[in-house]
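Worksheet: one structure, shown below.
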Amino acid sequence: TNLGKTWAALILGDIVLVMLVVLVPITARALARELIARIRPGLGVASEFAIAGLVSALMAFAWAQAAPILTRPYFVWHGAPVSLESLNTLQMEAWLLPLVALGACAVRGVLEMRMQAAEPPPPLVTSAHRRKLPAPLALVLKVGLAVFILAGLMESWIDPIVVAFVMLVFLVLREPALRRLPVELGRVTRIPILPRLVAGAVVSGLLAIIFIAIFGADSVVRPIVLSTLLSLTVFTLLLPEHVLEKQHLEQGEP
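Quick note on the numbering used here: the sequence shown kicks off at 7 and runs consecutively.
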């Protein structure tokens, strides 16, 4: 029904917005903290926020380029033409979002440093054991969420079926495949996460260009979906600690 399509499109739009408002600053701060801890542990909070600001600016710019495609179902599911004017405006003014993200990170850094100077730091909270969903249920949720987020790239009913199948096979096979590369993964994980993410973005961008050149730009769906799946493979190889347990990675370290 139209009401169901509207709610689904609004939820998808909210997820895309959460990526910018919540995930970008949290991820940027975590990447900056991990980079400093690995390279120069003695650097202060100011350096951490400076790096986090640059990372959040880059991520905000990338979000501005991807958001028009990811929110496309709001128009398509209602049989309405995509508002090219609004999409062009977002992409043309994409340089504003990085400035806002950079400014927000700077303001938070100043406020946090003032609070740390006025009050003692809070006690460290030990990470509690987190309960995990059953593996089959977690797998279904991951595939469903991935297909839902990629809905803006799909044109026909067969596309989500193909993407779901390929994604399911990918998620099932990636952990056994990574376990066959203990030495290589041990070397990869010695590099901080931020440089690996940058390398993954560059490689993924090159793959996207190659696939669009091969398959053509007339059908945006299949080249982008294929390049997205290849990007997942690239990032899985570059970020194996998000797939394997820590002890399996340590076995590959010299």
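Note that beta-carbon positions come from the ideal geometry of N, C-alpha and C, so glycine has one too.
Enclosing alpha helix (DSSP H) for residue i [first to last residue]
| i | result |
| --- | --- |
| L103 | 102–124 |
| L76 | 51–76 |
| T33 | 30–45 |
| G10 | 8–24 |
| V82 | 79–82 |
As assigned by DSSP and simplified to three states, the class of residue i
| i | result |
| --- | --- |
| L139 | coil |
| V249 | coil |
| T195 | coil |
| G48 | coil |
| E99 | coil |
| R186 | coil |
| S162 | coil |
Expected contact under 8 Å - CB spacing of residue i and residue j to nearest Å
| i | j | result |
| --- | --- | --- |
| V204 | V240 | No, V204 and V240 are not in contact; Cβ-Cβ is about 12 Å, not under 8 Å. |
| P198 | I57 | Going by Cβ atoms, the distance from P198 to I57 rounds to 11 Å, so no, they are not a contact pair. |
| V22 | L37 | Actually they do not touch by this definition, with Cβ atoms about 21 Å apart. |
| R186 | T242 | 13 Å between Cβ atoms; not a contact. |
Open item on the list: Measuring CB atoms only, is the region 142–161 touching the region 9–28, in the sense that at least three cross pairs come out at less than 8 Å?
Closed with: yes
Task: contact_flag[the region 66–73, the region 19–34] where n(CB pairs < 8 Å) is 3 or more - done: yes
TODO: Decide yes or no for the touch test of the region 102–109 against the region 188–202: beta carbon pairs closer than 8 Å, at least 3 of them.
DONE: no
TODO: Assess, as a yes-or-no matter, whether the region 171–184 is touched by the region 134–150 under the definition of 3 or more beta carbon pairs within less than 8 Å.
DONE: Yes, since at least three Cβ pairs between the region 134–150 and the region 171–184 fall closer than 8 Å, the two stretches touch.
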